[in-house]
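For the sequence shown, our numbering begins at 277 and goes up steadily by one. To start, the structure under review is shown below, and the notes come after it.
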Amino acid sequence: MDEPGRTHELSTWVTQTTNEMASEYERIRSRALEDPGTAGDQGEENWAQLLKEWLPASYEVRTKGRILAHDGVASRQVDVVVLRPGYPKKLLDKKLYVTSGVAAAFECKLTLSSAHITEATRTAAEIARMAAPRTGSPYRELVGPIVYGILAHSHSWSTAQTAVEKIQEYVHRGEMKNVAHPRENIDLVCVADTCIALKSVEFKKLTNLPGDSPDQLLCLVGNYFACTGSPSIGSLLAYLLIRLGWEDAHVRPFAEYFRLARMLSRSFGGAANLDPTGLTSETEAAARERSDNFLDNRPWRWDEWAFSLE
């Protein structure tokens, strides 16, 4: 029997990875003024290597490419892509990655700025629109199949608190300007040495309302921060595994382990109830029958009709 309060080995391994990223940041930054392009490439390779080492081996991780929609439209260049299991070997080195085979895509920055966030919210919406809209359940209609976000080693602001405030501000600004549907919101902004902002989506219903009021559907979409002193990379990995698990049942046992080990921390954040929900009328009608009551407080599970994304 382990002693109470003992540090979980998973936390130790994540901390080791965090320290490696910090060391790499200092090394790269010391030469960045001499050759900014090479410095940026090295930063991308750091993140690509981290994902290769931590995500399931069946997921290919590649650097620099564009995402190719079914209608032939290509995205602007992204720095790192995570490809789904079974991606055709013939296409791995084409640098144009088909939307149906992309699990996640990231912009990588050595030092995050407000301009980076503004640009990324626009790219997130563009990439979300490239995937064909899905129907059939609240999850499929509210959450896109491709995770998109920013991965940064550090930030440009004077303090960690200022960084959190600026990330919150510019994510909100960018989404107000660029997003037409909740599936287009940016999924994450991770700063390895500071914090991570994560998209949150929750869908349930309120029943037994006063009078003869019909059941109310709750579609809560927002962002929350993990800045509790636990490494941001731990929350990043837990969130990514859970998001992959929603699309790939083979990942779910590992994702569940990260959840149970409390790697996904939540400090603060907020969400707004969407009205209208953004669902098709058929799915909305079915959800009134199939979704859970918000007040029942049932354990988290993989349920596309009554879900909390993370």
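Ideal Cβ positions, reconstructed from N, Cα and C, are used throughout, including at glycine. Since we're looking at a predicted model, the values are computed, not measured.
Beta-ladder partner(s) of residue i, from DSSP
i	result
residue 425	382, 464
residue 501	473, 544
residue 336	359
residue 483	Bridge partners of residue 483: none, in fact.
residue 430	387
residue 478	496, 584
Outcome for residue i when other beta-carbon atoms lying within 10 angstroms are tallied against a minimum of 16
i	result
residue 522	buried
residue 288	exposed
residue 533	exposed
residue 391	exposed
residue 434	exposed
For residue j and residue i, the rounded distance between their alpha carbons
i	j	result
residue 535	residue 310	42 Å
residue 499	residue 396	15 Å
residue 463	residue 485	33 Å
residue 445	residue 416	28 Å
residue 348	residue 378	15 Å
residue 345	residue 372	10 Å
residue 411	residue 324	32 Å
residue 565	residue 492	11 Å
residue 544	residue 538	16 Å
residue 327	residue 489	48 Å
residue 589	residue 530	What is shown of the chain runs 277 to 586, which leaves residue 589 out entirely.
Beta-carbon proximity of residue i to residue j, cut-off 9 Å
i	j	result
residue 482	residue 494	yes
residue 290	residue 513	yes
residue 393	residue 426	yes
residue 585	residue 460	no
residue 418	residue 555	yes
residue 420	residue 439	no
Closer than 9 Å to chain D by CB, residue i
i	result
residue 453	Absent from the structure is chain D; it holds one protein chain and no more.
Contained beta strand (DSSP E) runs [length at least 3] in the segment 350–381, N- to C-terminal order: For the segment 350–381, whole beta strand (DSSP E) runs of length 3 or above, ordered along the chain, are 354–359, 372–374.
What are the uninterrupted segments assigned as alpha helix (DSSP H) that are 4 or more residues long and contained completely in the segment 512–585, given in chain order? DSSP runs (the alpha helix (DSSP H)) wholly in the segment 512–585: 528–536, 557–566.
Quick one: which unbroken alpha helix (DSSP H) runs of 4-plus residues sit fully inside the segment 295–348? Chain order, please. Taken in chain order, the complete alpha helix (DSSP H) segments of 4 residues or longer contained in the segment 295–348 are 312–330.
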